[in-house]
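Notes to accompany the following structure.
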Amino acid sequence: MANNNDNTIQFDVLKNKKDLTKAILSEVYDSLKEKGYNPINQLVGYIISGDPTYITNYNGARALVRKLERDEILEEVLKSYLNVK
């Protein structure tokens, strides 16, 4: 059986950043919802203020969201909302 390693794999940094941001926000959203918070209000509070206490520690959500820069979160949210790349 021949091993086909001749193909070059492309790495798309922007797509991976978008996917990572979406995955993290989804996990944080779910954790906030499970704890009985309004996830949208809590995430908006965090993005505006930078205060991590808007995000629960439950399931490591606070540590997860802090892996992202707030301006990058906002950038991805706006791109998604406006359907631009």
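Under this note's numbering, the residue at position 64 of the sequence shown is numbered 65, and the numbers go up by one with no gaps. All C-beta atoms in this analysis are idealised placements derived from N, C-alpha and C, irrespective of residue type, glycine included.
Next item on the list: Pick out whichever of Gly61, Ile10, Lys34, Lys19 has its Cα sitting closest to the Cα of Asp72.
Entry: Lys19
Checklist line | Interface flag, Tyr55 vs chain C, CB-CB below 8 Å | finding: No chain C is part of this structure, which consists of one protein chain only.
Checklist line | Sequence-distant residues of the same chain with beta carbon closer than 8 Å to Ala62, five excluded per side | finding: Glu28, Val29, Ser32, Leu33, Ile56
Checklist line | Cβ-Cβ separation, Leu75 to Lys48 (assumed contact under 8 Å), whole Å | finding: In the sequence on display, residue 48 carries Ile and not Lys. Between Leu75 and Ile48 the Cβ distance is about 6 Å, and since that is below 8 Å, they are a contact.
Item checked: 8 Å CB neighbourhood of Asn39 in its chain, flanking five on each side removed -> Correct list, in chain order: Leu33.
Item checked: Coil, strand or helix - Tyr59 by DSSP -> helix
Checklist line | Cβ separation of Tyr59 and Glu35, assumed to be a contact under 8 Å, to the nearest whole Å | finding: 7 Å
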